[in-house]
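Using this note's numbering, the first residue of the sequence shown is number 17, and each one after it goes up by one. Using N, Cα and C, we set each Cβ at its ideal position, and we do this for glycine too. A short write-up of the structure that comes next.
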Amino acid sequence: MPTPAQVVTAFQNQVASTLNLYDQLFAAVAPSPQKKTLESMLAEQCVLGIAVQWEAFLHDLIVSYIEQSPTVCVDHHKKKVGDAITKSKNALFLAWITYTIPSPLTRVHIEEMVDPKGWNITADSGDSLAALTGNLLPAPASKKFSLPAVDRKFIDLTIAFRNYLSHRSGGSVATLKDKLALFQKADKASPLRGRITHVGTFLKFTPKGAPGTRAAVIGLNLSALAGKLI
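Spelled out as structure tokens, the structure:
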């Protein structure tokens, strides 16, 4: 199993590769009569792809931290079992239960323990990510996920982009605009400032002084944010 630092490096390399391909494709469509439409499509697909990579990255990073130090995670799940038995009014059984924990815990063990249904270990907001890791990781690791407000709001915005680009519902675009406004309030100098009328048009735009389009800015920001988690 890779270390947390190796997981972060792999994600950052993945983002860099995605942005490199995005830049090549963006340049390639410049001569096309459908340039504007193609640029919007590329920007949207770039952000969706990187947002999905971010979710997978968080899963791998949390699993890696648990593998390094599983005690907090194991104790948390022992407590969940005990609480469930107590709630069912069969507290007597608690005295009869013993636990046999594999040593070492493998990735498969960790994933089945944290989410037996087989979904990614992830969170739906920056705040819930801090709460989740607070239950699963030892303090030195979990503190890394207690990010400043601006980073938490950027995570919320990334999730909102992913949700909108995945199904484009009316509710998701309303949430996206709300999360964008909250992020802009937290970071008044961000290249992501501006109003959304069409998501692709917003993402393909290159603000003055920015290192690339807003789609690229999102990727670069997530790469930098990943570096704060080790």
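Between the alpha carbons of residue i and residue j, how many angstroms are there, rounded?
{"i": "residue 209", "j": "residue 193", "result": "11 Å"}
{"i": "residue 136", "j": "residue 70", "result": "11 Å"}
{"i": "residue 78", "j": "residue 143", "result": "15 Å"}
{"i": "residue 56", "j": "residue 63", "result": "11 Å"}
{"i": "residue 290", "j": "residue 219", "result": "There is simply no residue 290 to check, as the chain begins at 17 and stops at 246 in what is shown."}
{"i": "residue 234", "j": "residue 93", "result": "35 Å"}
{"i": "residue 75", "j": "residue 97", "result": "23 Å"}
{"i": "residue 110", "j": "residue 67", "result": "42 Å"}
{"i": "residue 20", "j": "residue 121", "result": "16 Å"}
{"i": "residue 24", "j": "residue 246", "result": "8 Å"}
{"i": "residue 33", "j": "residue 44", "result": "17 Å"}
{"i": "residue 99", "j": "residue 58", "result": "49 Å"}
{"i": "residue 238", "j": "residue 105", "result": "46 Å"}
{"i": "residue 204", "j": "residue 127", "result": "39 Å"}
{"i": "residue 214", "j": "residue 184", "result": "11 Å"}
{"i": "residue 84", "j": "residue 158", "result": "13 Å"}
{"i": "residue 191", "j": "residue 49", "result": "33 Å"}
{"i": "residue 189", "j": "residue 223", "result": "22 Å"}
{"i": "residue 182", "j": "residue 107", "result": "45 Å"}
{"i": "residue 95", "j": "residue 103", "result": "12 Å"}
{"i": "residue 29", "j": "residue 118", "result": "33 Å"}
{"i": "residue 132", "j": "residue 148", "result": "16 Å"}
{"i": "residue 46", "j": "residue 134", "result": "42 Å"}
Rounded to whole angstroms, how far is the Cβ of residue i from the Cβ of residue j, which I believe are closer than 8 Å?
{"i": "residue 202", "j": "residue 165", "result": "6 Å"}
{"i": "residue 170", "j": "residue 241", "result": "7 Å"}
{"i": "residue 216", "j": "residue 60", "result": "5 Å"}
Can you check which of these residues, the options, is closest to residue i by C-alpha distance?
{"i": "residue 124", "options": "236, 17 and 233", "result": "17"}
{"i": "residue 232", "options": "103, 188 and 31", "result": "31"}
{"i": "residue 173", "options": "213, 158 and 199", "result": "199"}
{"i": "residue 195", "options": "212, 205, 182 and 113", "result": "212"}
{"i": "residue 244", "options": "44, 167, 58 and 100", "result": "167"}
{"i": "residue 26", "options": "80, 50, 179 and 53", "result": "80"}
{"i": "residue 82", "options": "221, 130, 49 and 204", "result": "130"}
{"i": "residue 141", "options": "46, 184, 205 and 178", "result": "178"}
{"i": "residue 206", "options": "29, 183 and 236", "result": "236"}
{"i": "residue 221", "options": "48, 118, 22 and 52", "result": "52"}
{"i": "residue 35", "options": "47, 22 and 65", "result": "65"}
{"i": "residue 22", "options": "118, 101 and 73", "result": "73"}
{"i": "residue 112", "options": "180, 101 and 118", "result": "101"}
{"i": "residue 138", "options": "114, 116 and 175", "result": "175"}
Contact the region 88 to 96 vs the region 146 to 154: 3+ CB pairs below 8 Å: yes
Inter-stretch contact (C-beta, 8 Å, three-pair minimum) for the region 217 to 236 and the region 30 to 45: yes
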